[in-house]
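Participant: One structure coming up, written as structure tokens, with questions to follow.
In my numbering, the protein residues as written are 2 to 161.
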């Protein structure tokens, strides 16, 4: 995959899911929300606008290596991600999943993460087939701002 090669050339072998949360540059690193043991991050190379990922802070390769508390936290952030995407982008559906291990297509096989991809009826076009390119209709920074505002409001409301 071209973006995996690009990431390798940008940062070597360092795990982005370990590195980026330590930098405390959430907007630049597209980190939308942090919880006690996991975080929501936008995919820098999204399949669709709003493509989010949820990852634990702890570097583990498999779901069964997470503690019960970590697993609950990760799944809670997946649920929150779905809610905020519904509120801000009104998708018709979602692809939610993970690739565990190199054979399954994991780009970062050492650090488990879950993809949340909003989908719309007819969202696939000819560009991925003909040009190996995906057209994204909105700048990542604009999507970040919109999702961050809605996510902060959603988290605030749930604490009331």
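A virtual CB, placed ideally from N, CA and C, is assigned to each residue, including glycine.
Short of 6 Å in beta carbon distance, which residues of its chain neighbour residue 99, apart from the five on each side in sequence? Order them along the chain.
Facilitator: Closer than 6 Å at the Cβ level, and outside the excluded window around residue 99, lie 115.
Participant: Need the endpoints of the beta strand (DSSP E) that residue 39 sits in, please.
Facilitator: Unbroken beta strand (DSSP E) run through residue 39: 39-43.
Participant: Run through the DSSP bridge pairs and tell me what residue 32 is partnered with.
Facilitator: Its beta-bridge partners are 42.
Participant: The beta strand (DSSP E) with residue 63 in it runs from where to where?
Facilitator: Here residue 63 belongs to no beta strand (DSSP E), and DSSP marks it neither H nor E.
Participant: For a test of the three-state rule: what should DSSP assign to residue 105, helix, strand or coil?
Facilitator: Helix at residue 105.
Participant: Which residue comes first and which comes last in the alpha helix (DSSP H) that contains residue 80?
Facilitator: That run of the alpha helix (DSSP H) goes 69-90.
Participant: By how many angstroms is the C-alpha of residue 80 removed from the C-alpha of residue 140?
Facilitator: Cα to Cα, the separation comes out at about 24 Å.
Participant: Name the DSSP bridge partner or partners of residue 119?
Facilitator: Answer is 95.
Participant: Can at least three beta-carbon pairs, one atom from the stretch 106-113 and one from the stretch 44-64, be found at a separation below 8 Å?
Facilitator: Segments in contact, yes.
Participant: For residue 68 and residue 101, I'd like the C-alpha separation in whole angstroms.
Facilitator: Taking the straight line joining both Cα atoms gives about 17 Å.
Participant: Using 8 Å for Cβ pairs, my map puts residue 44 next to residue 54. What's the rounded Cβ distance?
Facilitator: The pair is a contact, with the Cβ atoms about 6 Å apart (cut-off 8 Å).
Participant: If you follow the beta strand (DSSP E) that residue 57 is in, where does it begin and where does it stop?
Facilitator: Per DSSP, residue 57 belongs to the beta strand (DSSP E) from 53-57.
Participant: Helix, strand or coil for residue 25? Go by DSSP, reduced to three states.
Facilitator: DSSP places residue 25 in coil when its eight states are reduced to three.
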